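So the structure is just underneath, and the comments pick up after that.
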Amino acid sequence: MMLKHACFIFFLSPLFWFGQACAAELPKSTKVAIASAHPLATQAGMEIVGKGGNVFDAAVAVSAALAVVEPSGSGLGGGGYWLLHRANDGFETMIDGREKAPLSASIDMFLDKQGRVISRLSLDGALAAAIPGMPAGLVHLSEKYGCLPLKVSLAPAIRYAQTGFAVGDKYLKLLQSRTGILKSYPASAGIFLSNGKVPPLFSILRQPDLANTLKQLADSGREGFYDGAIADKLVKSVKRARGLWTKQDLKEYQVIERAPIKGEYHGIKITSSAPSSSGGLVLVEALNILSAFDLQKTDTVTRKHLITEALRRAYHDRALYLGDADFIDIPIERLLSQDYAAGLRSTIRPDKALPSSFLAGEMSDPSEGNHTTHFSIIDDQGNRVAATLSINAPFGSGFVASGTGVLLNNEMDDFVSQAGTMNGYGLIGGAANAIAPGKRMLSSMTPTFLENDEVVAVLGTPGGSRIISMVLLAVLDFAENGSPESWVSVPRFHHQFIPDVIEYEKYTLSPAEISGLASIGHQLKETRNRYGDMQAVLWHKKTRSLKGASDRRGSGSALVKNF
Ligand code: DON
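What follows is the structure, given as structure tokens:
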């Protein structure tokens, strides 16, 4: 009788249907919150939890769905970071699925014979594309931490790619900005444009080749992308367009798990991205500098001045020290130390901006950006994922490898092409982030967990170099008891050491604050658009209740669902 009962339960379980043991033996989630940049991606995650998946399976489904329904931001041709927390044993890790430079990449590959940077070479076309980490990341996440086979967790994304979905106005705006480059590659134009033009609002985007590539991944795991027919097509297509990819590049790509960066700010435990992203280190260093100030009690001009000065110093260290930890030594202990922060804090005058040129470097103007993507997931036991994924610029390099539907990244631009020269986000750097074969380019992506005695928050956002300051402002709002809705809506301002200017969204600063900040030596500039697309979820440890919020600057959705 017992056996019969057990058999019946087995028959009902995903194990019977899919033949894979649950890699992470977690109690089933009865409630889950997901916030992502697209309603269909949020739904895909919920669908997979409904099929018996855990939050890590849901993260696979959301990542893959975003690759289809938000192709401007991330995709199989890109990479990213998945920050994980497993509740039953408190295990935490970061899957580093950042792209790598091809093995034949060289330090001067974007320079002309006179040593000058060739404009846009690291941004447009096949040479700008590094070896993708996203497919390997999905396989790793699923096999090591998930319960369900990839065939199940990739099913919603495959369906979206096959049957298509209606495109919205934000997508079309980004598409418009990249029409020029997409038009120059028939495989790209054939998917995204209609007779070389931006298609009408709500037209249906179908991606049958991408559906097939996702199916190969579902059926064959990493070989489905990094070896065999898809790999052949990728390499052939990239080579034809004068890119550097070889079959060896694809075969050798591996994700790597890294210990997340940890910090503490006013009793809040912070867990965030480790190098190859600069996100966690810059965030924690800036918060350490700020920790001795009582920001809630200072007047608003001084508060913004102090935040700016902390960011200036932390981004300065980003430019000096940060890059791929597999290639360079990063003084992590020093950068995270409270003594080091105290030293930097002592150089801040409350009544005067320090020109960045006193630290180093020159001033100039970065371009704007609002692509890449972030999603946050948590269940009622505290299992959680924060993931920021990217192909860099909107629609990446603009180059789709023929017959694969895979839009390639232009992440090579996140390397330093030449010391002191700014990249697409106005970021500078030196040897630490120079191009080298097989190296990961420095990122600013900052998927983050925050925890105090009562709650856990999961958050992050796209936004290039501004990602870190956006997350910092959200942490400060969390510290002042804000809600998920308020973290994602905080009016934003930013300073990144170079250019030496406070950039701010319209309405963030009052006229009095603008003149107050200018009077102590800050330069200020209003951004053309509001920026960022933060996705956040919250779990109350005692009540086990969940909340989520999706930035109204974007068109995402946050859902909480009982199972
Ligand atoms: O890794 C990075 O820091 C960038 N490639 C992220 C790009 C991004 O967030 C674009 N959004 N504006």
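Per the working numbering, the sequence shown starts with residue 472, numbered consecutively. Where is the CB? At the ideal position from N, CA and C, for every residue including glycine. Quick caveat: nothing in here was measured; it's all calculated off a predicted structure.
Residue i versus residue j: straight-line alpha-carbon distance, rounded
i, j, result
"G1019", "Y1002", "20 Å"
"A529", "L681", "20 Å"
"L619", "V526", "11 Å"
"V540", "L511", "7 Å"
"D1004", "V706", "33 Å"
"P821", "I760", "13 Å"
"S744", "V709", "30 Å"
"G909", "P573", "6 Å"
"G544", "G869", "12 Å"
"L598", "H787", "29 Å"
"A907", "S577", "6 Å"
"V772", "L555", "37 Å"
"G1027", "S873", "30 Å"
"R591", "G895", "9 Å"
"L1030", "K522", "17 Å"
"L646", "G661", "13 Å"
"E563", "R587", "43 Å"
"L988", "R774", "10 Å"
"F487", "L594", "Its pLDDT being 40, under 50, F487 is placed unreliably in this model, and the value from its coordinates should be taken loosely. Their Cα atoms are separated by approximately 47 Å."
"Q889", "D579", "8 Å"
"I675", "K622", "25 Å"
"G901", "S914", "14 Å"
Residues near residue i in its chain [Cβ-Cβ closer than 8 Å; skip 5 each side]
i, result
"E735", "I741"
"I739", "L921, E922, N923, V946, F949 and A950"
"N632", "For the sequence presented, residue 632 should be read as Ala rather than Asn. Hits under 8 Å: V539, R677, Q678, P679, L681, A682, L685 and G876."
"M605", "S534, A538, S545, G546, L547, G548, G549, G550, G551, G568 and L860"
"S648", "P865"
"T1041", "Beyond the ends of the chain as shown, which are 472 and 1034, falls residue 1041; an answer cannot be given."
"S954", "L1009, K1018 and A1020"
Below-7 Å beta-carbon distance, residue i vs any chain C residue
i, result
"G617", "Of the protein chains in this structure there is only one, and it is not chain C."
Check: residue i C-beta below 6 Å from any heavy atom of ligand 1
i, result
"D720", "no"
"H842", "yes"
"P933", "yes"
"N863", "yes"
"D885", "yes"
"M1005", "no"
"M916", "yes"
Buried versus exposed call for residue i [16 or more other C-beta atoms within 10 Å across all chains shown]
i, result
"Y656", "buried"
"H476", "Unreliable placement is indicated for H476, whose pLDDT of 39 sits below 50; the coordinate value is still reported in the next sentence. The residue in question, H476, is exposed, as its Cβ has fewer than 16 Cβ neighbours within 10 Å."
"R999", "exposed"
"S665", "exposed"
"S552", "Checking the displayed sequence, the identity of residue 552 turns out to be Tyr instead of Ser. Classification for Y552: buried."
"T426", "Only positions 472 to 1034 of the chain appear in this structure, which leaves residue 426 out of reach."
"E925", "exposed"
"R713", "exposed"
"P498", "exposed"
"T1014", "exposed"
"H1011", "exposed"
"D560", "exposed"
"K571", "buried"
"N881", "buried"
"R783", "buried"
"S723", "In the sequence as displayed, the identity of residue 723 is Glu instead of Ser. The residue is exposed, with fewer than 16 neighbouring Cβ atoms inside 10 Å."
"I589", "exposed"
"P982", "exposed"
"F1034", "exposed"
"G1025", "buried"
"S484", "Note that S484 has pLDDT 44, beneath the 50 cutoff, so the model's placement of it is unreliable and no number is given."
Own chain residues within Cβ distance below 7 Å of residue i, not counting five before or after
i, result
"I801", "P746, Y792 and L793"
"D640", "L672"
"M642", "The question names Met, but residue 642 in the sequence shown is Tyr. For Y642, where only same-chain residues beyond five positions count, the Cβ hits under 7 Å are S543."
"I991", "H776, D822, K823 and A824"
"V961", "L944, A945 and D948"
Residue i beta carbon near ligand 2 (any heavy atom closer than 6 Å)
i, result
"R911", "Ligand 2 is absent from the structure shown, which contains only ligand 1."
Same chain only: Cβ atoms within 6 Å of residue i, ignoring 5 sequence neighbours per side
i, result
"T843", "G544, S861 and P933"
"A492", "Only weak support exists for where A492 lies, its pLDDT of 49 falling under 50; the coordinates are left without a value."
"I519", "D528, A529, A532 and S624"
"P837", "Bear in mind that a pLDDT of 37 at P837, under 50, signals an unreliable position, so the number given afterwards is only what the model happens to contain. Excluding residues within five positions, the ones whose Cβ falls inside 6 Å are Y896 and G897."
| message | Could you tell me which whole beta strand (DSSP E) segments of length 3 or greater appear in the segment 963-1003? | response | 973-975 and 995-997
| field | Every unbroken alpha helix (DSSP H) inside the segment 757-796 [4 residues or more] | value | 771-792
| field | alpha helix (DSSP H) segments (min. 4 residues) lying fully within the segment 798-882 | value | 803-807 and 809-816
| task | Go through the segment 682-754 residue by residue and report every complete run of the alpha helix (DSSP H) that reaches 4 residues or more, in order. | result | 694-697, 699-711 and 718-723
| task | Scan the segment 499-538 and note each continuous alpha helix (DSSP H) run of 4 residues or more that stays entirely inside, going in chain order. | result | 510-521
| beta strand (DSSP E) runs contained entirely in the segment 624-658, provided each spans 3 or more residues | none
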